[in-house]
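A.B. asks:
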Amino acid sequence: MLKVLFVCIHNSARSQMAEAFFNQYAQAGDSAESAGIEPGKLNAYVVRAMGEKGFDISGNETKGVFNLYKEGRTYSHIITVCDAEAAQRCPIFPGISRIIMWSFPDPSTFVGSDEEIMEQVRGVRDTIEAKVQAFIANPLAENTL
Numbered sequence: 003m004l005k006v007l008f009v010c011i012h013n014s015a016r017s018q019m020a021e022a023f024f025n026q027y028a029q030a031g032d033s034a035e036s037a038g039i040e041p042g043k044l045n046a047y048v049v050r051a052m053g054e055k056g057f058d059i060s061g062n063e064t065k066g067v068f069n070l071y072k073e074g075r076t077y078s079h080i081i082t083v084c085d086a087e088a089a090q091r092c093p094i095f096p097g098i099s100r101i102i103m104w105s106f107p108d109p110s111t112f113v114g115s116d117e118e119i120m121e122q123v124r125g126v127r128d129t130i131e132a133k134v135q136a137f138i139a140n141p142l143a144e145n146t147l
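When you read off a place in the sequence shown, starting at 1, and then add 2, the result is the number in my numbering.
Structure representation (structure tokens):
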């Protein structure tokens, strides 16, 4: 059984998308949560981009990874979706079998017109979706720390 925690900086974009995709495509009994190192606010562009694919994440709250740690939560996999430097700030959860690092661009850094930003967010969204689907299909294929 896979129990995955997706972690990024603010839990406002990349980890929220990964959680939604995982929980949609995962096998029965598998589940995912997401959290941030420094929880922020949901990214409005990400909410819109996910809505385009039929996912309503507008009511999601951002969560702090250290709060989940203090609650004693356990996971089979921790997957960081931010850069390596930020990923190193994630606590080590007891009982973790695998820690995986995926690096995706941060939608909060995108600039341009509304449509230009949306195009960049869609690219990240679609890349995360494909990566999550590949992971679900073969979770042992990923490189781990």
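For glycine and all other residues, C-beta sits at the position ideal for the given N, C-alpha and C.
#1: Figure out for me which residue from Gly-31, Ser-78 and Phe-57 has the closest Cα to the Cα of Leu-2.
#2: List the DSSP bridge partners of Lys-43.
#3: Could you tell me which residues DSSP puts in a beta bridge with Ile-80?
#4: Around the Cβ of Ala-34, are there at least 16 other Cβ atoms within 10 angstroms (buried) or fewer (exposed)?
#5: Helix, strand or coil for Ser-110 per DSSP?
#6: Could you check which residue in Tyr-47, Gly-38, Glu-21 and Asp-128 has the C-alpha nearest to that of Thr-64?
#7: Of all the options Thr-111, Val-134 and Lys-133, which has the alpha carbon lying nearest to the alpha carbon of Val-123?
#8: Using the Cα positions of Leu-44 and Ala-139, report the straight-line distance between them to the nearest angstrom.
#9: Ser-14 by DSSP, collapsed to three states: which one?
#10: So the beta strand (DSSP E) Glu-35 belongs to, where does it begin and stop?
#11: Thinking Ala-20 and Val-67 are a contact (beta carbons under 8 Å), I'd like their distance in whole angstroms, please.
C.D. replies: This is what the structure gives:
#1: Lying before the first or after the last residue shown, residue 2 is absent from the chain, which here runs from 3 to 147.
#2: On the sequence shown, residue 43 is found 41 positions in, with the first residue counted as 1. Note: Lys-43 sits in no beta bridge, so no partner.
#3: Position 78 of the sequence shown, counted from the start, is the residue given in the question as residue 80. Ile-80 is bridged to Leu-7 and Ile-101.
#4: Start at 1 with the first residue of the sequence shown, and residue 34 comes out as number 32. Burial call: buried.
#5: Counting from 1 along the sequence shown, the entry for residue 110 is found at position 108. For Ser-110, the secondary structure class from DSSP, reduced to helix, strand or coil, is helix.
#6: Against the sequence shown, residue 64 aligns to sequence position 62. Nearest of Tyr-47, Gly-38, Glu-21 and Asp-128 to Thr-64, Cα basis: Gly-38.
#7: Position 121 of the sequence shown, counted from the first residue, corresponds to residue 123. Here the closest residue by C-alpha is Thr-111.
#8: Counting from 1 along the sequence shown, the entry for residue 44 is found at position 42. Counting from 1 along the sequence shown, the entry for residue 139 is found at position 137. In a straight line, the C-alpha of Leu-44 is about 28 Å away from that of Ala-139.
#9: For this step, residue 14 is matched to residue 12 along the sequence shown. It is coil, neither helix nor strand.
#10: For the purposes of this step, residue 35 is taken as residue 33 along the sequence shown, with counting starting at 1. First-last of the beta strand (DSSP E) with Glu-35: 33-38.
#11: Counting from one through the sequence shown, the residue named residue 20 turns up at place 18. Counting from one through the sequence shown, the residue named residue 67 turns up at place 65. Between Val-67 and Ala-20 the Cβ distance is about 14 Å, and since that is not below 8 Å, they are no contact.
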